[in-house]
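Colleague: For the sequence shown, the positions run 707 to 1045 when our numbering is used.
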Amino acid sequence: WCTIRMPSRQAYEALSKQNSMLENDAFARFDTLANKADLSRLFEVLTSFKDQHGNHPVITANTIVANPDFPKIEAGGFEEYSYEPFYETIKRQPDGGEILGLWKEGIEQGVFRPQLHGREHVHVPAWLRLLRAGNEDLLAAFKWQCFGVPYRSRDKNKRRNLQAAFDYHDLGKEQAFQRLAVTEAAQLFYDYFGYFSRSFIAPAYIWHPVLEETLRKVDVQILQGISLQYIPQSNSYQKKIRFTGQVSASGVRQVVRNCFFEPVLQPNRRWEDQVLKRIAKAFKVRKPAILGTHRINFVGSLSHKNRDESLIQLRAILRQIQKNWPEVEFIATDQLVLN
707 WCTIRMPSRQ AYEALSKQNS MLENDAFARF DTLANKADLS RLFEVLTSFK DQHGNHPVIT
767 ANTIVANPDF PKIEAGGFEE YSYEPFYETI KRQPDGGEIL GLWKEGIEQG VFRPQLHGRE
827 HVHVPAWLRL LRAGNEDLLA AFKWQCFGVP YRSRDKNKRR NLQAAFDYHD LGKEQAFQRL
887 AVTEAAQLFY DYFGYFSRSF IAPAYIWHPV LEETLRKVDV QILQGISLQY IPQSNSYQKK
947 IRFTGQVSAS GVRQVVRNCF FEPVLQPNRR WEDQVLKRIA KAFKVRKPAI LGTHRINFVG
1007 SLSHKNRDES LIQLRAILRQ IQKNWPEVEF IATDQLVLN
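1) Alpha carbon to alpha carbon, how far is F967 from V961? Give it in angstroms, no decimals.
2) Which of helix, strand or coil does DSSP assign to S722?
3) Cutting at 6 Å between CB atoms, please list the residues of its own chain near D775, excluding the five before and the five after it.
4) Can you give the beta carbon distance from K797 to G803, rounded, assuming they're within the 8 Å contact cut?
5) Report yes if the CB atom of R904 is closer than 8 Å to the CB atom of G957, and no otherwise.
6) Return the residue from the list V991, A986, V953, D801 that minimises the CA-CA distance to D744.
7) Could you say if the region 967-980 and the region 1022-1033 meet the contact criterion of at least three C-beta pairs nearer than 8 Å?
8) Following the continuous alpha helix (DSSP H) through I1027, name the residue where it begins and the one where it ends.
9) Take Q1026 as the anchor and find which of S1009, R1001, D1040, L982 has the nearest alpha-carbon.
10) From which residue to which residue does the beta strand (DSSP E) around K946 run?
11) Under 8 Å, with one C-beta from each stretch per pair, do the region 894-912 and the region 815-828 reach the 3-pair mark?
12) With burial defined as no fewer than 16 other Cβ atoms inside 10 Å of the residue's Cβ, what is the status of I947: buried or exposed?
13) Ordered along the chain, which non-local residues of its own chain (more than five positions away) have a Cβ less than 8 Å from that of F883?
14) Taking DSSP as the reference, what is the three-state secondary structure of A767?
15) Name the DSSP bridge partner or partners of V953?
16) Quick one: Cα of I907 to Cα of G998, how far?
17) What is the C-beta distance between F749 and G812, in whole angstroms, given that I count them as a contact (C-beta under 8 Å)?
18) Using a 10 Å radius around the Cβ and a threshold of 16 neighbouring Cβ atoms, would you call H762 buried or exposed?
19) Which residues mark the beginning and the end of the alpha helix (DSSP H) in which A847 is found?
20) Please go through the same chain and pick out, in chain order, the residues whose beta-carbon is closer than 6 Å to the beta-carbon of W913, but skip the five residues on each side of it.
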């Protein structure tokens, strides 16, 4: 939540004319900042359900706390990186103040629980390097204050996922930058929300174990993610198996998603059936059902249809969960581990 992806329909239409890859990238087509209607409708669905303790279903809102400061970066010739806090980005949106008010309301209602996702959702050194080199796709996106687009590159050996903020191309040179990014992100999070995030999830599930030392220093005790951690190597990734309850060498606990709800990414899938089957499998072995989903499923300024259909499916899933498991408890990720 809070990262810029595609800023507007106008930006998408302009960029897609020169970059045909956008058409096949769901995030570039549909993902954007959540507006007032998005949050209101999502919270309406969540508050219409309660568990046996009176708790509503809760979104663990993994939050990017800053976005690139595009004017400052451009003024510096793409040599230096600058950022702005996420709430400054949101304030410039239509009804920006009301959007931030809804964040507060969702937190107070117990349906929205922000946790830390990082400072920015872009690999800054690689992005700036490509901008300096004159990459046409990324420069065109930059003019629209956007970075989350697929791009063409002649260098086939370079990693292509610029969204992986904690990937690295040279660990020795980038380690200090990543540590600073985590430290500043944790402080920005605390300054706005009034508490330190106890959990963290690395963008694209990519991070090196050395980063965990810094995460522990800012009191992160839980690492969210999927069953694989992608550890950057010189020209590839080492895949490391993870499971819920596992404790890493740094002392952080692993929490692994075992259910998924991604209707915009895979619109032809029978999501209600898939989610309920995975929940049943988790409960059968007395494990929590940890549902992974992305903001793209709940934002509608680029596609009202996507948002509305996702919410219809989410409501049906929650209704069936309570029917199948009336003793179900709804809880956020950090509360699951630390309470």
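For glycine and all other residues, C-beta sits at the position ideal for the given N, C-alpha and C.
Modeller: In short:
1) As a first step, residue 961 is located in the sequence shown; it is residue number 255 there, counting from the start. As a first step, residue 967 is located in the sequence shown; it is residue number 261 there, counting from the start. Rounded to the nearest angstrom, the two C-alpha atoms are 17 Å apart.
2) If you number the sequence shown from 1, residue 722 lands on position 16. Note: S722 maps to helix in three-state DSSP.
3) Locating residue 775 in the sequence shown gives position 69, where the first residue counts as 1. Closer than 6 Å at Cβ, skipping near neighbours: S788, Y789, E790.
4) Position 91 of the sequence shown, counted from the first residue, corresponds to residue 797. Position 97 of the sequence shown, counted from the first residue, corresponds to residue 803. 7 Å between Cβ atoms; contact.
5) Residue 904 sits at position 198 when you count from the first residue of the sequence shown. Residue 957 sits at position 251 when you count from the first residue of the sequence shown. In this structure, G957 does not lie closer than 8 Å to R904 by Cβ.
6) For the purposes of this step, residue 744 is identified with residue 38 of the sequence shown, where counting begins at 1. When V991, A986, V953, D801 are compared, the shortest CA-CA separation from D744 is found for D801.
7) Judged by Cβ distances under 8 Å, the region 967-980 makes contact with the region 1022-1033, as three or more pairs qualify.
8) As a working note, residue 1027 is residue 321 in the sequence shown. Its alpha helix (DSSP H) spans residues 1010-1030.
9) To locate residue 1026, count along the sequence shown from 1; it is residue 320. Considering only alpha carbons, the answer is L982.
10) The residue you call residue 946 lines up with position 240 of the sequence shown. Element bounds for K946: 943-947.
11) Yes: the two stretches touch, three or more of their Cβ pairs being nearer than 8 Å.
12) Stepping through the sequence shown from its first residue, residue 947 is reached at position 241. By the neighbour-count rule (16 or more Cβ atoms within 10 Å), I947 is not buried but exposed.
13) By one-based count along the sequence shown, residue 883 stands at place 177. Counting only Cβ-Cβ distances below 8 Å, and skipping sequence neighbours, we find V830, P831.
14) Against the sequence shown, residue 767 aligns to sequence position 61. It is a strand residue.
15) Looking up residue 953 in the sequence shown gives position 247. R959, per the DSSP bridge assignment.
16) Translated into positions along the sequence shown, residue 907 becomes position 201. Translated into positions along the sequence shown, residue 998 becomes position 292. Taking the straight line joining both Cα atoms gives about 12 Å.
17) By 1-based counting over the sequence shown, the position of residue 749 is 43. By 1-based counting over the sequence shown, the position of residue 812 is 106. Yes, F749 and G812 are in contact; Cβ-Cβ is about 5 Å, under 8 Å.
18) Residue 762 sits at position 56 when you count from the first residue of the sequence shown. Answer is buried; the Cβ neighbour count reaches 16.
19) Within the sequence shown, residue 847 is the residue found at index 141, counting from 1. 842-849 is the span of the alpha helix (DSSP H), which, as asked, contains A847.
20) As a first step, residue 913 must be located in the sequence shown, where it is residue number 207. Same-chain partners within the cutoff: F872.
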